[in-house]
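Residue numbering for the sequence shown is -21 to -1, 1 to 465, as defined by mature numbering (1 follows the signal peptide of the UniProt record, and there is no 0). Even glycine gets a Cβ: it sits at the ideal position worked out from N, Cα and C. As structure tokens, the structure follows; a few thoughts come after it.
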Amino acid sequence: MPNLLLFTVLTWNLFIPHVNGIVGYDCGSTHLNITTLSLLNVEGCNIPLIQSQIEKTYIQLLQLSKFESIEVIQCKVSINRFIYFCGMHSHISTVMNAQAEYILEVTADQCKRMHLTETFSIDTNNHIYGLRINQTTMRPTIFAGSANSDGRCSGAQYSDPYGTWDNVIVQGTTTITLISYQAAINLETNQIRLKSGTICSYTDTTCIDIDGGHTFWKTLPTDHCKFNHYDVLYEGYANRMVDAFFEHPQIVYSLSTQDVTFALTRAGEELVCGCTLIKTEHPKLLILETKKGESFAVKRRLSTENLDIFTYINSKFMYVEKHIRSQMNFLYRDILKQRCNLEQQVLKGALSLAINSPDEFAYQIMKGPGYMAVISGEVVHIIKCTLVDVKIQHVKECYLELPVQKGNETYFLSPRTHILIKTGTQISCNRITPPMFFFKRWMVSYDANSRTLLASNDYETHDKTYMALYKSRITRSKRNIQRYES
């Protein structure tokens, strides 16, 4: 029996992942980004009938035939600072919110510069050198003010997400983690899967990882001179419609023949080996404006799964009519109206959640955690909260939310929105249906009564496997779920 217990403990230590380091969102900051929406209605789709400029142009419609991975860069800058008031005769005293930890927001350009130069500039006079890719660097930092070795201090003004102070000295540490790796992408679903298991929209080119790292990537690889990576779906003349009615003119390439019918909207461009490829609404389809005889890729026999272009056209990204040749202007108006109606229905559905579940409304509208909503009269305010590091805290009671620790204080991490709240919803402890939370690629639950921790390395758990776990209390299952009771 002791040997069996020892084996169980060893199995637990080997297979259960480290999930204490997670992030939450602090909505108690004084500096918040707020967006206000009306609860009464959604603006209608009054698309004006405008005359578009139509001209013939010679194009190549290209398809990325192989695109399985892409380089991802990630930057996480954590600030841990202490604020002291520099008074008369250099007397030091404390201030409100003297100590705080938060994750600094990083832009794509800043992250690229850190990976390229291995330096980070907090301000014009404060630089951190010697950063290393795929490593974490911690440096002591003076954010504001100064102090001499003889005890004299000189204060300055300082601001961060938690407030603004005058005549203070701000010291602390800056922890920077730079990561670079190859991430898998799924062009059929327009998703990219990060190393932590976080799934993001591929065409967004950025998202926040579960551990707080700001992640960036390009939608096209940098080695596109390998022309065999492209298949030519169509080569010849097509209609190019330009509408200058909007601030940013929209350009639609369309064609209707006996063999090919398509309509694609220009979404950007990318310079590849001296050729300008035009991005479309589908990440796998590209257009090149060229001349006959000046082709980007050679037309060759396509594989059977790439023969039908309608595989990549659906109601979300384009609407095509059979009589496109004679109804070009009406088709363009239909394209905009269909897209507007779709967005209008999505907004109406989300607004129905706002009254009864404001935070769920914010989650649906912003498509991710870190936002809360406040109903005020006939409008709803969506608030973007500050990203902070937290740790899981084990307590004796059971709660609907996840107990966590931020600094020396206990908070509760709300489900889905991951907002930090002071008071949790206490529930009866149930070993059969305990609350569970997803962190990275692991599902974790802590049962306060039996001090049981469950972990599964898969998001989906079938009912039969679940019931077998609780009925037989085995330490292994078909889904690699481990259980340890002390």
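Contacts around residue i, its chain only, beta-carbon distance under 6 angstroms, and the 5 residues preceding and following it disregarded
i, result
"T14", "I361"
"T115", "T156"
"L43", "K263"
"L83", "V56, I58"
"Y137", "A123, W144, V147, V149"
"I344", "A329"
"G247", "K258"
"C186", "C179, T194"
"L332", "E339, F340"
"L265", "L41, L256"
"K197", "none"
"I26", "R312, L315, K316"
Close beta carbons around residue i, own chain, < 7 angstroms, minus the five adjacent residues each side
i, result
"S48", "Q161, A162, A163, I164"
"G151", "I58, N59, R60, F61, T120, F122"
"T389", "Q372, P382"
"residue 495", "There is simply no residue 495 to check, as the chain begins at -21 and stops at 465 in what is shown."
"Q384", "V369, K370, Q372"
"A126", "C132, I148"
"G130", "S69"
"residue 498", "Summary: the structure shown does not reach residue 498, with the chain confined to residues -21 through 465, and so no result is reported for it."
Cβ neighbours of residue i in the same chain (closer than 8 angstroms, five flanking residues each side left out)
i, result
"I178", "Q170, I171, R172"
"P348", "Y4, Y342, R395, T396, H397, I398"
"R304", "Since pLDDT at R304 reaches only 43, below the 50 mark, its modelled position is unreliable, and the value read off the structure follows with that caveat. Same-chain partners within the cutoff: S235."
Status (buried if at least 16 other CB within 10 Å, exposed otherwise) for residue i
i, result
"C54", "buried"
"L243", "buried"
"M93", "buried"
"T259", "buried"
"R219", "buried"
"M67", "exposed"
"F309", "exposed"
"D183", "exposed"
"T201", "Residue placement at T201 cannot be trusted, given a pLDDT of 47 that sits under 50; the coordinates are not used to answer."
"residue 529", "The first residue shown for the chain is -21 and the last is 465, placing residue 529 beyond what the model contains."
"I334", "exposed"
"D139", "buried"
"G356", "exposed"
"K295", "Residue placement at K295 is flagged as unreliable, the pLDDT there being 35, under the threshold of 50; the coordinate-derived value follows with that caveat. By the 10 Å Cβ count, K295 comes out exposed."
"V221", "exposed"
"residue 467", "What is shown of the chain runs -21 to 465, which leaves residue 467 out entirely."
"V85", "buried"
Beta-carbon spacing of residue i, residue j below 7 angstroms
i, j, result
"I148", "G124", "yes"
"G191", "L11", "no"
"Q326", "V56", "Gln is not the amino acid found at residue 326; the sequence shown has Leu there. Against a cut-off of 7 angstroms, the Cβ pair of V56 and L326 comes out as no contact."
"R118", "T96", "no"
"D338", "T402", "no"
"Q324", "V211", "no"
"F195", "C319", "no"
"L234", "F241", "yes"
"G134", "C24", "no"
Beta-carbon separation (whole angstroms), residue i vs residue j, contact threshold 8 angstroms
i, j, result
"L267", "L41", "6 angstroms"
"T9", "Y209", "Incorrect: roughly 52 angstroms between the Cβ atoms, too far for contact."
"D88", "C364", "Contact flag wrong, Cβ pair sits at about 24 angstroms."
"S159", "I112", "5 angstroms"
"C377", "I398", "Wrong, their Cβ atoms sit about 20 angstroms apart, outside the cutoff."
"V239", "Y311", "The Cβ separation is near 19 angstroms, so there is no contact."
"Y213", "K35", "14 angstroms between Cβ atoms; not a contact."
"Y37", "K270", "6 angstroms"
"S69", "C132", "5 angstroms"
"E50", "G386", "With 8 angstroms as the limit, E50 and G386 do not qualify as a contact, their Cβ atoms being about 36 angstroms apart."
"L379", "P413", "Wrong, their Cβ atoms sit about 11 angstroms apart, outside the cutoff."
"V359", "L16", "5 angstroms"
"Y63", "I71", "5 angstroms"
Residue i CB to nearest heavy atom of the ligand ZN below 6 angstroms
i, result
"Y390", "In the structure on display, the ligand ZN does not appear, and there are no ligands present to speak of."
Write down every uninterrupted run of the alpha helix (DSSP H) in the stretch 325 to 359 whose length is 4 residues or greater and which is fully enclosed by it, in chain order. Qualifying alpha helix (DSSP H) stretches, in chain order: 337 to 345.
Whole alpha helix (DSSP H) elements within the stretch 74 to 118, 4-residue minimum: Taken in chain order, the whole alpha helix (DSSP H) runs of length 4 or more contained in the stretch 74 to 118 are 87 to 96.
Mind listing, in chain order, the continuous beta strand (DSSP E) runs of no fewer than 3 residues lying wholly within the stretch 188 to 272? Considered as a whole, the stretch 188 to 272 harbours 193 to 196, 209 to 222, 229 to 235, 240 to 244, 247 to 251, 254 to 258, 264 to 268 as its complete beta strand (DSSP E) runs of no fewer than 3 residues, in chain order.
Which runs of the beta strand (DSSP E) at least 3 residues long sit entirely within the stretch 10 to 71? Give them in chain order. Counting only runs of at least 3 residues, the stretch 10 to 71 fully encloses the following beta strand (DSSP E) elements, listed from N- to C-terminal order: 12 to 17, 32 to 43, 48 to 65.
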